[in-house]
Structures are given as structure tokens and as C-alpha cells.
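Worksheet for the structure shown next.
Protein chains: 2
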Amino acid sequence: MGRIIECIPNFSEGRDKAKVESIVEVLRKAEGVKLLDYSSDADHNRTVVTAVGNPEALQAAIINMAEKVYEVIDMSTHEGGHPRMGALDVVPFVPIEGVTMEECVEIANNVGKVIGERFNIPVYLYEKAASASHRENLASVRKGQYEGFFTKIKEANWKPDYGPSEVNVKGGCIAIAAREPLVAFNVNLGTDKVEIADAIAKTVRHLGGGLRFVKAMGVKLEDRNIAQVSMNLVNYEKTAVYRAFEMVKMEAKRYGVPVVGSEVIGLVPMAALVRSAEYYLQIENFSMDQILEKRISE
Amino acid sequence: MGRIIECIPNFSEGRDKAKVESIVEVLRKAEGVKLLDYSSDADHNRTVVTAVGNPEALQAAIINMAEKVYEVIDMSTHEGGHPRMGALDVVPFVPIEGVTMEECVEIANNVGKVIGERFNIPVYLYEKAASASHRENLASVRKGQYEGFFTKIKEANWKPDYGPSEVNVKGGCIAIAAREPLVAFNVNLGTDKVEIADAIAKTVRHLGGGLRFVKAMGVKLEDRNIAQVSMNLVNYEKTAVYRAFEMVKMEAKRYGVPVVGSEVIGLVPMAALVRSAEYYLQIENFSMDQILEKRISE
Chain R
1 MGRIIECIPN FSEGRDKAKV ESIVEVLRKA EGVKLLDYSS DADHNRTVVT AVGNPEALQA
61 AIINMAEKVY EVIDMSTHEG GHPRMGALDV VPFVPIEGVT MEECVEIANN VGKVIGERFN
121 IPVYLYEKAA SASHRENLAS VRKGQYEGFF TKIKEANWKP DYGPSEVNVK GGCIAIAARE
181 PLVAFNVNLG TDKVEIADAI AKTVRHLGGG LRFVKAMGVK LEDRNIAQVS MNLVNYEKTA
241 VYRAFEMVKM EAKRYGVPVV GSEVIGLVPM AALVRSAEYY LQIENFSMDQ ILEKRISE
Chain V
1 MGRIIECIPN FSEGRDKAKV ESIVEVLRKA EGVKLLDYSS DADHNRTVVT AVGNPEALQA
61 AIINMAEKVY EVIDMSTHEG GHPRMGALDV VPFVPIEGVT MEECVEIANN VGKVIGERFN
121 IPVYLYEKAA SASHRENLAS VRKGQYEGFF TKIKEANWKP DYGPSEVNVK GGCIAIAARE
181 PLVAFNVNLG TDKVEIADAI AKTVRHLGGG LRFVKAMGVK LEDRNIAQVS MNLVNYEKTA
241 VYRAFEMVKM EAKRYGVPVV GSEVIGLVPM AALVRSAEYY LQIENFSMDQ ILEKRISE
């Protein structure tokens, strides 16, 4: 497959189809870049895009896409249910094949520098690209949102990594990251009590003393009348899918609640599932190079 | 990935490196074909090659390879520990991506016709390409081997599908197939008693009343001093890896023997392992299109 990175830009428009299309079109047309998916949410007034490509082509395409975003989106009139700090809100770069995390950190810096200087946007780097530990977590970076940044940006702790020290009124600010691939994995419980899902979520997640790379919350699936432990596995190499799954099962036992199923949302790296097959099948000395499709695409 | 088939030709030379290389070289140099693996066994005096490619390119390359095989190998002086019926012994075609089994049957027929006519070799089609049910099993087709075919070929039941009705003294005969991908999967037992592995193998395999697409036998791993149930899963879509694994575990219980591990030998289609992860993680409504690498390579 050569050298491949993934980028999942989120921008603050999810209602005006013509505007959304004009932005997505930049990635669709870019040479060396493949648009894998995009979905808009009208309540959130936000669109999430997934694209892959070689590092050089994808960086260039994201900068071209940013230009379009700053042309058509005006944050001074933006409303939506999802937290956001700018027109182009977050841009995480993820190493997929033949690229290291260090290179993705470099890419986040390159793109941040250009967006800061060319479009006059304050840039914050987060996750693996963060310039300080208090900036690693996106929720901390974005706290206060677009409206709050007009004062937050003046705090010593929140000087931007690139770009001006004043919020761009039309474009807002931007958060750019290098991070591991994320697996959205939900476990369905044989109960309608969301408080049980919530209690389990609190024990399996990092915040509650659980697994290092698990974020989790309890949600109710109204249509099926069951509760669900909804998780983000933010490093499936170190906190494997099967480990999160087995831990939910184990905790569910205390309530006499069975696990009735699970869901993988969106795209998932092959290794995340293959590693779980290895665990359950007790496979010794397996190498990902034994996967036929991997060998074919090399 | 486009349209991809796999071919695993086996030829009757495993000692003379120069000869082996001259044959393999044909596939290595072929446009639109990728040589994934080859290994020679001196005791067997035989080489097994794995190559993939688009159907047109791979067919052409296999015919060119056959020409080289018939030039350098002489069956009238061949000796080796593995059953064989010809210089180019078996040529199975396997659908991998965007190609149906029916198309592979057609390819097996096309290649068989050319090899029969151009090189004057009796051709037998087996597995999904078989022209009669008694020819489906390779062991039945190959029974008697090169030496036995001089009389076997005269039997009404064993008239070749293509080519002459007399054995080619130098090149022998050939068996060509279309078949499902095969998964070589072994389960290691916490005992040194090979008779327990043997007894388990007999219950899980099709022959003994077990799973439809499992071939199995017990073997001893001398270096680790443990017994192993060695299996070929000849249709992993219908007889899943996890099902064979769980059945071995279940049967091992009757002897109080634990399963201590397993091995996947050689290449394995991604889906074979992903389907097992789906089972153990109880994933609902999963689609292989959710695999990131699959989407990238499309």
C-alpha cells in the first residue's frame, strides 16, 4: 500500500448541502487522496469526513480544503449542538501504513503552521502533537468553545501554537492532532436500565480506574429498549478490543445482566479485529504478514 | 484491489535450485502477477508456489510457467516422498476478490485445454472444476501416481478432460482445479499422547461425521513433546475457524486435555480471522466494508 495516513477533518457546517459538498469536493478531487466517507449532522450542524492518502498529497489537500472552509463558513453566526472552536474544527492525522507517529506529529505541525499563517487562524496542537501535557486532551483544548476563545486565548496557558494571538472572527480557531486510530465499539446489554450501562462504563474507562485507552459512557437504545456501554478505544494496540469486551462482560455479571451483542461503528483497522481473533483462538506466533490481502496490497 | 485470483502450482522438483529458480522466475517476471511465496522440499522433491494476479495475466503466466516446467523436469527419472502425477503436478485456482468460483472453473478449463493441446499432457480437472463427482477429490484423482497412470488412463472412468489419452512420459499428467481458499490451522494440546490428537481429529473431520469442510489428523510435535490436531479448513466461509477450534476444545475435554495454543500456517484470507473475531466479540451487523484497509485498497 505504500505510505498511508488517514485524516478525519470535522467542519462546522451540517445543514447547507451545497456548502458541505463544495468543501468535500476538494478532497474528492485531490490526486493521491481517497475520500472514504463523510456524514453531516443537522442538529450538530457539523460534518465529519474520513480521507486517506500519501502524506504529501493529503497534507496539501487538507490545506486546500481549509481554504474552502474559511471561504464558505462564518463562525460568528454558527449554531449547533456539538462543541466546536472553529470553522474547520478538528483535524487529526492518523498513521496507517509505512508512516510513524513522529511523522504524523510533523505533518500536524506543518499543516498548523500553514493554516496559521496563510489563513490567519489561531492553531492548537493536541494529542501526540500537543506542545504541553495540558493540551493533549481535545475536550480541555476546546473548553469554552468558539465564543469562549476571545478571552481564553489571552491566558498564558492557551497561547496558540501557530497563527495570530487573536481569534479570527469568521474562522474561529482550529485544533490539529496526530493520534492513534480510534475504534468505536459498543457493547449491548440484556437490560433496559441505562444506569447499569453507566455504572459499567465508569469501571472500564480510564477516568474511573479502568483500562488506559478506553473512553466509555452508558446510553439507552430507545428503539430496542436496551442499554449499551458505548466506548471509544483510543489505542487498540495497547488496549485490545477483546480486553474491553471481556471487562464489560465481567462487570455486567455483578448485575446478573448478559451481554447480548456488540457493534463496531464506522471503519476499523484490520489489526484491531485480527488481534482479537488471535486471542480467542489462542494463535501462537501470528504475523500480520500472513494475511493474504496484506501481502497482495504490498 | 480489482479482480484477483490466487494460484498455488506444485511442481516436481525440489532439489535442483537452478531448475527451481528458472521455473519460479517465469512468475516473478510476469506483468500483472505477484509471486507471494515459494518453498522447496528436498525429501518431497517438490516445490509449492503461491502467486496472485488478475485472471488474464495469471492464466497466461501459468501457461508460460508450464512450458518451462516441461522443458526442465523429466518425470521418468523423478523420485520423491510426496504423491505426484506429473512434472507440473497440481494447479488450483482460487477466487480472492471480484471473481466468482464459476469464473475460476472457466479458467481451470481454459488453462487445461491449452496445456493439453500445446504440451501434449493429459489433464484432469478436480474440486469445483471436476467433470464428475468421482474426480472431485485430489487424492482419488492422483491415486496410482505417475507410474500408475500408464494403465489408469485406459480406464473408462479416468479418460482425461483435455489432452491426449496417453501419459506424456517426460511430463506425466496434470491435475487442475478451481477451489475455495484453504486455511491450514493446527490446535496444540497439553498432552504428549498423539493417539488423543488422532481420536479428536477423527471426530471433528468430515470423514468421521464431523464438520463438513474440515480435514484433520493427529500429529506429534517432537521438539515441544506435545500432540497436535492438524487441520485443513477447505471452506472457511461455511466451516468457520472458530467452529473447528471450539469443537477440538470440546472433544479434548473428554480426555481432560487442555488446548494450549494454535497455529495458522502460511497465508490466510483476512475474512477467516475477522469472522472469528465477530463471533467471539458478538458483533452485530458487521460488514467487511468496515475494514479500513479493504476500503483503502478498493
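These protein sequence lines map, in sequence, to chains R and V.
Letter by letter, the first sequence follows residues 1 to 298 in the UniProt record's numbering.
Letter by letter, the second sequence follows residues 1 to 298 in the UniProt record's numbering.
By construction, the Cβ of each residue, glycine as well, lies at the ideal position given by its N, Cα and C atoms.
- The Cβ neighbour count for V/N225, taken over all protein chains shown within 10 Å, is under 16; the residue is labelled exposed.
- No residue range can be given for V/C173, since it is assigned to no beta strand (DSSP E) and is classified by DSSP as neither H nor E.
- CA-to-CA, the gap between R/V26 and V/E263 works out to about 46 Å.
- The residues H206, K238, T239, in chain order, have a CB closer than 7 Å to that of V/R212 in the same chain once the five nearest residues on each side in sequence are set aside.
- R/T203 and R/G210 have their alpha carbons spaced roughly 5 Å apart.
- Counting C-beta atoms within 10 angstroms of its own C-beta, V/V169 has fewer than 16 neighbours from the protein chains shown and is therefore classed as exposed.
- In summary, R/S76 is exposed, with fewer than 16 beta-carbon neighbours lying within 10 Å of its beta-carbon over all protein chains present.
- Its chain contains L211 as the residues whose beta carbon lies nearer than 7 Å to that of V/R243, once the 5 sequence neighbours on both sides are disregarded; these appear in chain order.
- In this structure, the beta-carbon distance from V/M270 to R/E293 falls below 7 Å.
- Secondary structure at V/E180: coil, using DSSP grouped into helix, strand and coil.
- For R/N109, the enclosing alpha helix (DSSP H) stretches over residues 101-119.
- Here V/V234 really is in contact with V/E180; their C-beta atoms are around 6 Å apart, less than 8 Å.
- Per DSSP, the beta bridge partners of V/L35 are V/A51.
- Across the region 41-65 of chain V, CB contacts with chain R closer than 8 Å involve V52, in sequence order along the chain.
- The contact set of V/P269 on chain R, defined by CB atoms closer than 9 Å, consists of I291, L292, E293 in chain order.
- Between R/T191 and R/V259, the C-beta spacing is not below 7 Å.
- When DSSP reads this structure, V/K253 sits in no beta bridge, so it has no partner.
- Using a Cβ-Cβ cut-off of 7 Å, R/K34 is close to I296 of chain V, given in chain order.
- For V/E293, the enclosing alpha helix (DSSP H) begins and ends at 292-297.
- Contiguous alpha helix (DSSP H) elements confined to the region 178-254 of chain R occur at 194-204, 241-253, taking only those with 4 or more residues.
- Per DSSP, the continuous beta strand (DSSP E) segment holding V/Y126 begins and ends at 123-127.
- Proximity of R/V204 to chain V, defined by a Cβ-Cβ separation below 7 Å, is not satisfied.
- Any Cβ of chain V closer than 7 Å to the Cβ of R/S230 would place that residue at the interface, and such an atom is absent.
- Using a Cβ-Cβ cut-off of 8 Å, V/G98 is close to nothing in chain R; its nearest Cβ partner there is about 12 Å away.
- Under the three-state reduction of DSSP output, V/F150 falls in the helix class.
- Remark: C-beta atoms of V/I296 and R/V52 approach each other more closely than 7 Å.
- Secondary-structure assignment with DSSP links V/R46 through a beta bridge to V/D41.
- Here DSSP, grouped into helix, strand and coil, assigns R/E25 to helix.
- Contact of R/I196 with chain V is not assigned, every C-beta pair being separated by 7 Å or more.
- For R/E263, the nearest CB of chain V lies under 7 Å from its own CB, placing it at the interface with that chain.
- Residues of chain V whose Cβ lies closer than 9 Å to the Cβ of R/A252 do not exist; the shortest such Cβ separation is about 12 Å.
- Take V/G98, set aside five residues on each side of it, and the residues of its chain with a beta-carbon closer than 8 Å to its own are M1, G2, R3, I4, in chain order.
- A distance of 7 Å or more separates the beta carbons of R/L267 and V/V274.
- Contact of V/A277 with chain R is assigned, a C-beta pair being separated by under 7 Å.
- Your pair V/V187 and V/F245 checks out as a contact, with CB atoms roughly 6 Å apart and the cut at 8 Å.
- Annotated three-state conformation of R/I62 is helix, per DSSP.
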